[in-house]
Amino acid sequence: MAPSKHGISMPTLELERRDEEMMQELAASLLQQNLDQYSALEVTTDGHPDSRSWVSIQKRGEVRVYKEATRQQQRQLKAQAATGNGASKTAPVSPSLLLMGAIKGNIDDVLYASAASTSETMQTKAKFTDDGAMGCKVLARIVEPTMADPMHFLNVTWRYYPLSEPRDFVCLDVAGWGHTAHGERVAYHLIHSVGFDALPTVKETMVLFSRRRQAAVERKRNFCKQCVTDAMRSEASAVARDDFVSASQAMQYW
Numbered sequence: 209m210a211p212s213k214h215g216i217s218m219p220t221l222e223l224e225r226r227d228e229e230m231m232q233e234l235a236a237s238l239l240q241q242n243l244d245q246y247s248a249l250e251v252t253t254d255g256h257p258d259s260r261s262w263v264s265i266q267k268r269g270e271v272r273v274y275k276e277a278t279r280q281q282q283r284q285l286k287a288q289a290a291t292g293n294g295a296s297k298t299a300p301v302s303p304s305l306l307l308m309g310a311i312k313g314n315i316d317d318v319l320y321a322s323a324a325s326t327s328e329t330m331q332t333k334a335k336f337t338d339d340g341a342m343g344c345k346v347l348a349r350i351v352e353p354t355m356a357d358p359m360h361f362l363n364v365t366w367r368y369y370p371l372s373e374p375r376d377f378v379c380l381d382v383a384g385w386g387h388t389a390h391g392e393r394v395a396y397h398l399i400h401s402v403g404f405d406a407l408p409t410v411k412e413t414m415v416l417f418s419r420r421r422q423a424a425v426e427r428k429r430n431f432c433k434q435c436v437t438d439a440m441r442s443e444a445s446a447v448a449r450d451d452f453v454s455a456s457q458a459m460q461y462w
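Quick note: to get the working numbering, add 208 to the position in the sequence shown (first position is 1).
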């Protein structure tokens, strides 16, 4: 395995047919879960999620990033609203993030800007948006774009973030078009952590692997939800937050 300029390299994956089928089944399940979440999300008339469930943590232009309150926090917020008592203590939990807002263009532009089906495109967009990824690669291509459906793909990808405690992510990466139960046409881009025995271990790469799940369902107003399930450190949360904002920037430029 040849070293990269960061001293880290990931080999391409040769997947068995059953592995590819499992990835396709996982992608279909994740898509349905996120479409259900998208349909169930309660939004105010001015386009904000329920403030008892989501707290705004960053704003850029008309795009906002929210952090989901834990169930304990939600109960406390409801109790505070009823009693007027603002004192509370909450236990740390894995963060879930939500991006919402409006940008110029249409959902075709959004999907084109946020999704990347090749290593070269991933690297270009990572550099252009300055999302913090210092290395990225498509490890396996399971479903490739076609002339009839140029934005639909399903890959296994790798991304490396040189934090003070470096982390890299091996993920299922899928994008395309879908419809809600109400017939609304949406664009989606899902990123979900996966693992393969054929890939180097933490000790071999000297990088701490971390779980990551990100989902975006787009229409005229953007809906994104990301759950960093094994990233309790504030640095990892910052990567997730900045990744969201970078994606919205890319939508404006590409």
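Backbone N, C-alpha and C define an ideal beta-carbon position, used for all residues, glycine too.
Quantities reported herein were computed from a predicted structural model and do not represent experimental measurements.
{"Query": "Are the beta-carbon atoms of residue 366 and residue 218 separated by less than 7 Å?", "Result": "yes"}
{"Query": "Output the boundary residues of the beta strand (DSSP E) element that contains residue 363.", "Result": "361-369"}
{"Query": "Compare the Cα-Cα distances from residue 228 to each of 309, 349, 354, 252 and report the closest residue.", "Result": "349"}
{"Query": "Beta-carbon within less than 8 Å of residue 360's beta-carbon, same chain only, minus the 5 sequence neighbours each way: which residues are those?", "Result": "351, 353, 354, 383, 384, 385"}
{"Query": "When the Cα of residue 402 is compared with those of 247, 345, 388, 378, which residue comes out closest?", "Result": "378"}
{"Query": "How is residue 319 classed by DSSP in three states: helix, strand or coil?", "Result": "helix"}
{"Query": "So, for residue 258: in the same chain, excluding its five sequence neighbours on each side, which residues have a beta-carbon less than 7 Å away from its beta-carbon?", "Result": "250"}
{"Query": "What does the Cβ neighbour count give for residue 375, buried or exposed, with the cut at 16 atoms within 10 Å?", "Result": "buried"}
{"Query": "Which full runs of the beta strand (DSSP E) of 3+ residues lie inside the region 317-357, going along the chain?", "Result": "343-351"}
{"Query": "From residue 369 to residue 340, what does the alpha carbon distance come to, in whole angstroms?", "Result": "6 Å"}
{"Query": "Is residue 247 helix, strand or coil when you go by DSSP?", "Result": "helix"}
{"Query": "Please report how far the alpha carbon of residue 236 lies from the alpha carbon of residue 396, in whole angstroms.", "Result": "12 Å"}
{"Query": "May I ask which residues mark the beginning and end of the beta strand (DSSP E) holding residue 376?", "Result": "375-387"}
{"Query": "In the DSSP assignment, find the unbroken beta strand (DSSP E) run with residue 267 in it and report its ends.", "Result": "262-268"}
{"Query": "Taking only the alpha-carbon atoms, compute the straight-line gap between residue 226 and residue 390 and give it to the nearest angstrom.", "Result": "33 Å"}
{"Query": "For a test of the three-state rule: what should DSSP assign to residue 308, helix, strand or coil?", "Result": "strand"}
{"Query": "DSSP puts residue 257 in a beta bridge; with which residues?", "Result": "251"}
{"Query": "Just tell me which of 313, 269, 387, 400 has its CA closest to the CA of residue 244.", "Result": "387"}
{"Query": "In terms of residues, what are the limits of the beta strand (DSSP E) holding residue 398?", "Result": "393-401"}
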